[in-house]
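*Asks:* Take a look at the following structure, please.
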Amino acid sequence: GAVVSQHPSWVICKSGTSVKIECRSLDFQATTMFWYRQFPKQSLMLMATSNEGSKATYEQGVEKDKFLINHASLTLSTLTVTSAHPEDSSFYICSASSGRGVNEAFFGQGTRLTVV
Amino acid sequence: AQSVTQLGSHVSVSEGALVLLRCNYSSSVPPYLFWYVQYPNQGLQLLLKYTTGATLVKGINGFEAEFKKSETSFHLTKPSAHMSDAAEYFCAVKGMGAAGNKLTFGGGTRVLVKP
Chain A
1 GAVVSQHPSW
11 VICKSGTSVK
21 IECRSLDFQA
31 TTMFWYRQFP
41 KQSLMLMATS
51 NEGSKATYEQ
61 GVEKDKFLIN
71 HASLTLSTLT
81 VTSAHPEDSS
91 FYICSASSGR
101 GVNEAFFGQG
111 TRLTVV
Chain B
1001 AQSVTQLGSH
1011 VSVSEGALVL
1021 LRCNYSSSVP
1031 PYLFWYVQYP
1041 NQGLQLLLKY
1051 TTGATLVKGI
1061 NGFEAEFKKS
1071 ETSFHLTKPS
1081 AHMSDAAEYF
1091 CAVKGMGAAG
1101 NKLTFGGGTR
1111 VLVKP
């Protein structure tokens, strides 16, 4: 099956610094990638949708200047949390879709971000 | 707009007993429906999906789900629970209308399996 690799799996950073999370599709070309945020014991909340080579589409209420998304190639998307604060601490999950057929999305293993 | 409701945030079953997780959806267009499983601190793994055709869908790990259009439901079942089934389960819907490629998730159901 299709594999999506997310890195790092966990990261601790200081308030005010920026953190970059990578999402790679290892064995297929991902025309669309999605970034989710998941709070403890809650469901996934879609943050943004990114299409290769174009600007990401952010969901309502998500600060695009704080959560920078880049989808520069068909196998890599990055999420940068800028000027991180403790309230940004969360579990971030990416998914990738080839855009064909049912457009099934494959998920990365997630990144646990802790801002101290 | 599309939405998903999972009845019961927690389900406790005995090992060997039936697992039943309920999912109801709303969608303005014929939906694609999915069930995912999430283990602690991991991403989501697809259990099964319904697109078109046969309404009873079989997935991995012995799970199956039935699409009932009249009831707008897509309940997940497994005849006999195993300890390894303890996890969080998410039902999701994808429509082909304005929502495009977006998956809308239910609130999740945490399954606890008792020995």
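Sequence order for the protein chains is A and B.
Counting from 1, one number per residue, gives the positions in the first sequence under our numbering.
Counting from 1001, one number per residue, gives the positions in the second sequence under our numbering.
For every residue, glycine included, the Cβ atom is placed at its ideal position computed from N, Cα and C.
The model shown is predicted, which means the values in this text are computed figures rather than measured ones.
1. In whole angstroms, what separates the C-alpha of Ala96/A from that of Phe34/A?
2. Going by DSSP, which residues form a beta bridge with His1010/B?
3. Which residue marks the beginning of the beta strand (DSSP E) containing Glu1066/B, and which one marks its end?
4. Using alpha carbons as the reference points, say which of Ala56/A, Asp27/A, Ala30/A and Pro86/A lies closest to Ser18/A.
5. Cβ of Lys1102/B within 8 Å of Cβ of Leu46/A?
6. Please return the same chain residues whose Cβ sits closer than 8 Å to the Cβ of Glu1064/B, not counting the five positions on each side in sequence.
7. Flag Phe1090/B as yes if its beta-carbon sits less than 8 Å from any beta-carbon of chain A, otherwise no.
8. Return no unless some Cβ of chain A is closer than 8 Å to the Cβ of Gly1108/B.
9. Taking one C-beta from the region 1007 to 1023 of chain B and one from the region 103 to 110 of chain A each time, how about it: are there three or more such pairs within less than 8 Å?
10. What residues in the region 19 to 33 of chain A bring their beta carbon closer than 7 Å to a beta carbon of chain B?
11. Would you list the one or two residues that DSSP bridges to Thr57/A?
12. Just reading off the beta strand (DSSP E) that Ala1092/B is part of, what are its end residues?
13. Which residues share a DSSP beta bridge with Glu22/A?
*Replies:* Put simply:
1. On the first sequence, residue 96/A is found 96 positions in, with the first residue counted as 1. On the first sequence, residue 34/A is found 34 positions in, with the first residue counted as 1. Their backbone Cα atoms lie some 6 Å apart in a straight line.
2. Counted from its first residue, the second sequence places residue 1010/B at position 10. Note: His1010/B sits in a beta bridge opposite Arg1110/B.
3. Working through the second sequence from its first residue, we reach residue 1066/B at position 66. Glu1066/B -> beta strand (DSSP E) spans Glu1064 to Lys1068.
4. As a first step, residue 18/A must be located in the first sequence, where it is residue number 18. When only C-alpha atoms are compared, the closest one is Pro86/A.
5. As a working note, residue 1102/B is residue 102 in the second sequence. As a working note, residue 46/A is residue 46 in the first sequence. In this structure, Leu46/A lies closer than 8 Å to Lys1102/B by Cβ.
6. Your numbering for residue 1064/B matches position 64 in the second sequence. Only Leu1048, Leu1056, Val1057, Lys1058, Leu1076, Thr1077 and Lys1078 meet the Cβ criterion.
7. Stepping through the second sequence from its first residue, residue 1090/B is reached at position 90. Yes - at least one Cβ of chain A is within 8 Å of the one on Phe1090/B.
8. As a working note, residue 1108/B is residue 108 in the second sequence. Gly1108/B counts as touching chain A.
9. No contact exists between the region 1007 to 1023 of chain B and the region 103 to 110 of chain A.
10. Thr32
11. One-based indexing of the first sequence puts residue 57/A at position 57. Thr57/A is bridged to Thr49/A.
12. To locate residue 1092/B, count along the second sequence from 1; it is residue 92. Per DSSP, Ala1092/B belongs to the beta strand (DSSP E) from Ala1087 to Lys1094.
13. Mapped onto the first sequence, residue 22/A falls at position 22. His7/A and Thr78/A.
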